[in-house]
Amino acid sequence: MARLSQLLLPTEREAPADAEALSHKLMVRAGLIRQVGSGLWSWLPAGWRVHQNVVQIVREEMDAVGCQEMLMPVVTPAELWKRSGRHGISELFRLQDRRGAELILAMSHEETLTFHMAGAVRSYRDLPKLIYHFQTKGRDEPRPRAGVLRTREFIMKDAYSFDRDLAGLDESYERLAGAYDRVFDRSGLEWYSVEADVGMMGGTGAHEYMAPCPAGENDVALAPGYAANVEVACADPQAVPPLPESVSGELHTPGATTIEALAGHLGVPAGNLLKAFPIVTESRGLVLVLLRGDHRVQEIKLANALGEAVRQATPDELSELGLEAGFMGPREGVEVLYDAAVTPGRYVTGANRSDHHVVIEVPAGERHDVRRVEEGDTVGGRTIRIEPAIEIGNIFKLGTRYSEPLGATYLDENGSERPIVMGSYGIGPARIAAAAVEQFADERGISWPRSIAPWDVHVVALGKAGSAERAEAEKLYGGLQEAGLQVLLDDRDAGTGEKLTDAELLGVPLRLVIGRRSLESGTAEAQARRGGRDLDPVALQGAPEAVSGLWRSLP
RNA sequence: CGGGGCGUGGCGCAGCCUGGUAGCGCGCACCGUUCGGGUCGGUGAGGUCGGAGGUUCAAAUCCUCUCGCCCCGACCA
792 MARLSQLLLP TEREAPADAE ALSHKLMVRA GLIRQVGSGL WSWLPAGWRV
842 HQNVVQIVRE EMDAVGCQEM LMPVVTPAEL WKRSGRHGIS ELFRLQDRRG
892 AELILAMSHE ETLTFHMAGA VRSYRDLPKL IYHFQTKGRD EPRPRAGVLR
942 TREFIMKDAY SFDRDLAGLD ESYERLAGAY DRVFDRSGLE WYSVEADVGM
992 MGGTGAHEYM APCPAGENDV ALAPGYAANV EVACADPQAV PPLPESVSGE
1042 LHTPGATTIE ALAGHLGVPA GNLLKAFPIV TESRGLVLVL LRGDHRVQEI
1092 KLANALGEAV RQATPDELSE LGLEAGFMGP REGVEVLYDA AVTPGRYVTG
1142 ANRSDHHVVI EVPAGERHDV RRVEEGDTVG GRTIRIEPAI EIGNIFKLGT
1192 RYSEPLGATY LDENGSERPI VMGSYGIGPA RIAAAAVEQF ADERGISWPR
1242 SIAPWDVHVV ALGKAGSAER AEAEKLYGGL QEAGLQVLLD DRDAGTGEKL
1292 TDAELLGVPL RLVIGRRSLE SGTAEAQARR GGRDLDPVAL QGAPEAVSGL
1342 WRSLP
């Protein structure tokens, strides 16, 4: 049933006042989604059609590489998560049943599936296996945002691979990566995959699939032939001229507590300064990370370089060691760590004394790449740019992170017991829908790629109820449906402007208008939503075939 | 978790500072009009002012507590 007169499609003239992101505004205005609570959203009929279209594409491509669909519950015994060590995660929703037994809402399903595999897999002959499901995930996000982009409950396609060794995992990983390429190509999005952080929990490789758009929460570093999340990106820094010899010794720098102020005061580029970033780790205590003044610490790279979690030092910890914010520099008794971009030479740094800096000679020695890459850095001579993107999928080589604690093992040819080697692979259909809105919307509204659009064709019937235009539109509606097209008919008793405006807001790829004017020539006017391009009018005689062809020619 | 902001008919907002029986636009219902870009005119319905407590003759407005929501940052298996 796709008559607008009867459909639940509450369009709005104005966006919710608190909406910021384009996809948030448009998806609410177009009647696709409605908010229930913070990070909790309902999908109205038209929105759900988009979501289901994405789901179907994912399903087909998963099946095509031999991935088997099943279903696991959301409510899960806490015991499984205690065994894997994930019960302590702060985003985990916890609950109790009537007897007081502890349960959780699954954030993903590694534990549950590994538990099943532990029981089902005995021999290397049972491997490999590729399994997936679509299921609701619960994540008590500290800050849900931007409509459906980051929510506390959402549907995810999560797949898992089970192999006997790393070589097998590599094969499964490549196979899923191929399926992912096809999913995102078919979704009509602009996308790319990037190197990603594997996290502190081990894992041997990870890629994220990114859809570039302004509302994206991730920053991606891009150069021809290079793409990486800035959490892990590495690049060659831009050169800076050496510090002029005229600047030397101890410098009186009253109030120059920021890099900008200090560089301005001395009249030298920020790259001549040495920034001190105090951190604390479990095993090392306080460490002064030293990097060029024009650079910033990338805390994930730093944590990976140190092999342990990192936090910023508190003011108390600093004053205990006689360090003063704004005038900090290397000093005896404090461990230092130099960023890789700090080449040996002269730099201005804090003198560990109020209102004073000092020029020091930095020697050659151990370096760690812990800085965030900057726009204008280079990779193999090619310049980096940084853009925001939405993470729409990820693939991750888990290894034995879950199989070991959950006892998922198999016997090899020699009869020795080995842990199963796993991979995990996620896709968020809601994010694909939101990314499509972000990427293709114009000032009039959404412009869906035809592969995920809620309908293929939007037929607008002008004229008043009972008119010849309305009757012809009804006929066209029926004919197009018989030709296998998904058709939405605007049969409301509304004004022309309202109908056309709503059609543009909703963003169905092909719009056909039947009005008095078009009837005179026995045609329906056709317009492609993408670009608002007028197409040749379609003769009502034989319209279904012509429209099918037209539709296939659209993006 | 830190910072900022907002809760007043379905949506968007004013009123609050300076207390005195709640208002505007859109939408909605009905009548007429119009019928190729949110047409025009008329009539009308709809609100415990997020909640609780307090001050006061009187609270949307002042005070206390509380719940909810948004934005920036931190965080993000």
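In this note's numbering, the protein residues as written are 792 to 1346. Virtual Cβ for every residue (Gly too), placed ideally from N, Cα, C. From a predicted model like this one, the values you see are computed outputs, not experimental measurements.
The three-state secondary structure of Leu-1279, taken from DSSP, is strand.
By the neighbour-count definition (other C-beta atoms within 10 Å, threshold 16), Leu-1341 is a buried residue. Judged by pairs of C-beta atoms under 8 Å, the segment 1123-1131 touches the segment 1155-1175, as three or more such pairs exist.
With respect to the 9 Å criterion, Ala-1294 and Asp-1282 are not classified as neighbours on the basis of their beta carbons.
In this structure, Leu-980 lies away from Ala-950, with their beta-carbon atoms at least 9 Å apart. Less than 9 Å separates the beta-carbon of Leu-1064 from that of Ala-1054. Non-local beta-carbon contacts of Ala-1319 in its own chain, meaning distances under 7 Å to residues more than five positions away in sequence, involve Pro-1300, Leu-1301, Leu-1326 and Leu-1345 in chain order.
Excluding the 5 residues flanking it on each side, Ala-1100 has same chain C-beta neighbours closer than 8 Å at Met-991, Thr-1072, Glu-1073 and Ala-1094, in chain order. Secondary structure note for Arg-973: its alpha helix (DSSP H) is the uninterrupted segment 957-978.
A residue is called buried when at least 16 other Cβ atoms come within 10 angstroms of its Cβ; Arg-1307 does not meet this threshold and is exposed. Between Val-865 and Thr-927 the beta-carbon gap is near 5 Å, inside 8 Å, which marks them as a contact. Per DSSP, Asp-888 has no beta-bridge partner at all. For the pair Gly-1076 and Ser-914, the Cα-to-Cα distance works out to about 47 Å. Between Met-947 and Phe-925, the gap from beta carbon to beta carbon is short of 9 Å. In the three-state reduction of the DSSP assignment, Gln-859 falls in the strand class.
Selection Leu-1297, Asp-976, Glu-1260 and His-900 evaluated against Glu-1316 yields Glu-1260 as nearest (Cα-Cα). Taking 8 Å as the upper bound for CB-CB distance, Val-819 and Gly-938 are in contact here, some 7 Å apart.
Contact check between the segment 1210-1221 and the segment 1172-1191: three or more CB pairs, one atom from each, fall below 8 Å, which counts as touching. Arg-934 and Arg-943 have their C-alpha atoms some 9 Å from each other. Residue pairing from DSSP leaves Ser-1194 without any beta-bridge partner. Under the DSSP assignment, Asn-1205 falls outside any beta strand (DSSP E); it carries neither an H nor an E label. Judged by their CB atoms, Pro-1060 and Pro-1028 are not nearer to each other than the 9 Å cut-off. Short of 7 Å from the beta carbon of Gly-857, and not among the five residues preceding or following it, lie these beta carbons of its own chain, in chain order: Leu-921. At the C-beta level, Gly-1084 and Gly-1058 stay beyond 9 Å of one another. Minimum Cα-Cα distance from Gln-1230 among the listed residues Arg-930, Ser-978 and Gln-859 corresponds to Ser-978. Across the set Glu-1036, Pro-1035, Lys-1066 and Leu-1034, the C-alpha of Lys-1066 shows the shortest separation from the C-alpha of Ala-1047.
DSSP places Asn-1095 in the uninterrupted alpha helix (DSSP H) bounded by 1090-1097. When C-beta atoms of the segment 1215-1233 are compared with those of the segment 839-853, three or more pairs fall below 8 Å, so the two segments count as touching. Three or more Cβ pairs closer than 8 Å define a contact, and the segment 1175-1185 meets that threshold against the segment 1004-1013. Within its own chain, the residues whose Cβ lies closer than 6 Å to the Cβ of Ser-1339, once the five positions on either side in sequence are excluded, are Ala-1274, listed in chain order.
In this structure, Ala-855 lies away from Leu-800, with their beta-carbon atoms at least 9 Å apart. According to DSSP, Met-1213 shares a beta bridge with Phe-953 and Gly-1190. Within 10 angstroms of the beta-carbon of Gln-1089 lie 16 or more other beta-carbons, which makes it buried. Per DSSP, Tyr-1268 is one residue of the alpha helix (DSSP H) stretching across 1259-1273. If only complete runs of 3 or more residues are kept, the segment 800-842 shows the beta strand (DSSP E) at 824-828 and 831-834, in order along the chain. Residue pairing by DSSP places Gly-929 opposite Glu-944 in a beta bridge.
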